[in-house]
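A.B. asks: Residues in the sequence shown are numbered from 15 upward in steps of one, following the working numbering.
Note that beta-carbon positions come from the ideal geometry of N, C-alpha and C, so glycine has one too.
The structure is given below, and queries will be raised subsequently.
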Amino acid sequence: MESLEAIKRKISSAQSLKSIVKTMKILAAVSMRQYEKMLDALELYGNNIEMGLQVALRDFKNLKGLKETQTGLKTGAIIFGSDMGMCGQFNEIVSAYAVKETAGFISSGLEVICLGDRIASKLEDKGLRAAATMPYPAGLSGNVTPILQDLLVKIEKWREEMKVGRVLLFYNVPSKEGIKYAPYMKVLLPIDKNYLESLKAKKWDSKTIPMYKMERNGLFSALIRNLLYMELFKAFVDSLTSENAARLASMQAAEKHIDDHIDLLTGSYNQERQDQITSELLDIIAGFEAVTN
Numbered sequence: 015m016e017s018l019e020a021i022k023r024k025i026s027s028a029q030s031l032k033s034i035v036k037t038m039k040i041l042a043a044v045s046m047r048q049y050e051k052m053l054d055a056l057e058l059y060g061n062n063i064e065m066g067l068q069v070a071l072r073d074f075k076n077l078k079g080l081k082e083t084q085t086g087l088k089t090g091a092i093i094f095g096s097d098m099g100m101c102g103q104f105n106e107i108v109s110a111y112a113v114k115e116t117a118g119f120i121s122s123g124l125e126v127i128c129l130g131d132r133i134a135s136k137l138e139d140k141g142l143r144a145a146a147t148m149p150y151p152a153g154l155s156g157n158v159t160p161i162l163q164d165l166l167v168k169i170e171k172w173r174e175e176m177k178v179g180r181v182l183l184f185y186n187v188p189s190k191e192g193i194k195y196a197p198y199m200k201v202l203l204p205i206d207k208n209y210l211e212s213l214k215a216k217k218w219d220s221k222t223i224p225m226y227k228m229e230r231n232g233l234f235s236a237l238i239r240n241l242l243y244m245e246l247f248k249a250f251v252d253s254l255t256s257e258n259a260a261r262l263a264s265m266q267a268a269e270k271h272i273d274d275h276i277d278l279l280t281g282s283y284n285q286e287r288q289d290q291i292t293s294e295l296l297d298i299i300a301g302f303e304a305v306t307n
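See below:
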């Protein structure tokens, strides 16, 4: 049996670790709340972009010749992972989903960009090699804007130089049921013509219809770029929210394991202390009987 001092040291170490886990739980929960608020703000921003598109599309007789809706043979995939630890099967889930969904596009040509080194290695283990890997920020306070701008440049290069007509985003999205998440695929390009047609046919809420002074095609292209930027930004926020949900779930499991371990150590400590007390009492009784005899 271990000594009482050794057991007490183990209990103290476990309690210190529990304090760290509890702090990480709080940080993950706070981050999730911040990202959820940001998703609400992005929804409002997306509504403003749609209103602008609604005005710009009003003067288009048809949408067949729009550059933003043209397609090509190849497919580009942008996969969001995480380079931070303690988030469970976060990278495994999204990488397995991406490999499954892109299997049918390999024959016609598939270009892959990974956000995060860990997700790139997971994909390579599954037989899908990324053409490029970009750093994945630990939060939106990092250098997110340059990464998004770089992604837009790469997408434009895909379309013009490599004849990529379809661009897919793969990332985890938070679930509305507790601290869960699931993999998701978003078709970034081509822009859905039915979506544009629905905006064009949508009734304007106000009696006053806005006017614009920019050239029509230039305004439409600018709005589409803003729409793409917003979708990429939303993918980042969804992925970071899911990552913190995964970390929160991992910390809850770790906290439960630590509590069980502390209970076990406390039981061992109490048992050892009781054995020592019993042994001392037996020694006292034996000594008393010896003196009495």
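Indicate the three-state DSSP secondary structure (helix, strand or coil) for Arg143 in the structure shown.
C.D. replies: coil
A.B. asks: To the nearest angstrom, report how far apart Leu183 and Val44 are at their CA atoms.
C.D. replies: Going by the C-alpha atoms only, they are around 26 Å apart.
A.B. asks: How many Å lie between Arg261 and Met98 at the Cα?
C.D. replies: A straight-line Cα-Cα distance of about 10 Å links Arg261 and Met98.
A.B. asks: What are the partner residues of Met65, as DSSP defines its beta bridges?
C.D. replies: Its beta-bridge partners do not exist; DSSP assigns none.
A.B. asks: Could you give the first and the last residue of the continuous beta strand (DSSP E) run that contains Asn186?
C.D. replies: 178-188
A.B. asks: From Phe302 to Leu296, what does the alpha carbon distance come to, in whole angstroms?
C.D. replies: 10 Å
A.B. asks: Taking only three categories from DSSP, how would you classify Gly118?
C.D. replies: helix
A.B. asks: Quick check on the burial criterion: 16 or more other C-beta atoms within 10 angstroms. Buried or exposed for Ile169?
C.D. replies: buried
A.B. asks: Would you mind giving the Cβ-Cβ distance between Ile93 and Ser282, rounded to the nearest angstrom? I have them listed as a contact below 8 Å.
C.D. replies: So it is not a contact: roughly 47 Å between Cβ atoms.
A.B. asks: So who's on the other strand from Pro197, going by DSSP bridges?
C.D. replies: Asn186
A.B. asks: Considering Cα atoms alone, identify which of Leu129, Pro224, Lys214, Leu210 is closest to Phe250.
C.D. replies: Leu129
A.B. asks: Might you give, ordered along the chain, the residues of its own chain that have their beta carbon closer than 7 Å to the beta carbon of Met244, omitting 5 neighbours on each side?
C.D. replies: Leu56, Tyr59, Gly60, Ile63
A.B. asks: Can you tell me which of Lys270, Val113, Gln68, Tyr185 puts its alpha carbon nearest to the alpha carbon of Met225?
C.D. replies: Gln68
A.B. asks: Do the stretch 24-37 and the stretch 264-272 meet, that is, are 3 or more Cβ pairs less than 8 Å apart?
C.D. replies: yes
A.B. asks: Kindly identify the DSSP beta-bridge partner or partners of Lys88.
C.D. replies: Val178
A.B. asks: For Thr116, count the other beta carbons within 10 Å of its own beta carbon; 16 or more makes it buried, fewer makes it exposed. Which is it?
C.D. replies: buried
A.B. asks: Among residues of its own chain, excluding the 5 on either side of Ala28, which ones have a beta-carbon nearer than 7 Å to its beta-carbon?
C.D. replies: So the list reads Ile272, His275, Ile276, Leu279, once near-sequence residues are dropped.
A.B. asks: Comparing alpha-carbon positions, which option in Gly102, Glu138, Ala112, Phe104 lies nearest Val201?
C.D. replies: Ala112
A.B. asks: Check this for me: beta carbons of Ala259 and Pro188, under 8 Å apart or not?
C.D. replies: Taking a C-beta distance under 8 Å as the contact criterion, Ala259 and Pro188 qualify as a contact pair.
A.B. asks: Which class does Ile127 belong to by DSSP, given the choice of helix, strand or coil?
C.D. replies: strand
A.B. asks: Among the residues of its own chain, which have a CB less than 6 Å from the CB of Gly102, if the five just before and after it don't count?
C.D. replies: Take Gly102, set aside five residues on each side of it, and the residues of its chain with a beta-carbon closer than 6 Å to its own are Ala260, Ser264, in chain order.
A.B. asks: Does the stretch 215-225 come into contact with the stretch 283-293, if we say contact requires no fewer than three beta-carbon pairs (one atom in each stretch) closer than 8 Å?
C.D. replies: no
A.B. asks: Tell me whether Ile93 sits in a helix, a strand or coil according to DSSP, three-state version.
C.D. replies: strand
A.B. asks: So for Met100, helix, strand or coil by DSSP?
C.D. replies: If DSSP states are grouped into helix, strand and coil, Met100 belongs with coil.
A.B. asks: In or out: Val167 buried (at least 16 other Cβ within 10 Å) or exposed?
C.D. replies: exposed
A.B. asks: Could you check which residue in Glu229, Ser135, Thr37, Phe74 has the C-alpha nearest to that of Val108?
C.D. replies: Ser135
A.B. asks: Which term fits Trp218, buried or exposed, when burial requires 16 or more other beta carbons within 10 angstroms of its beta carbon?
C.D. replies: exposed
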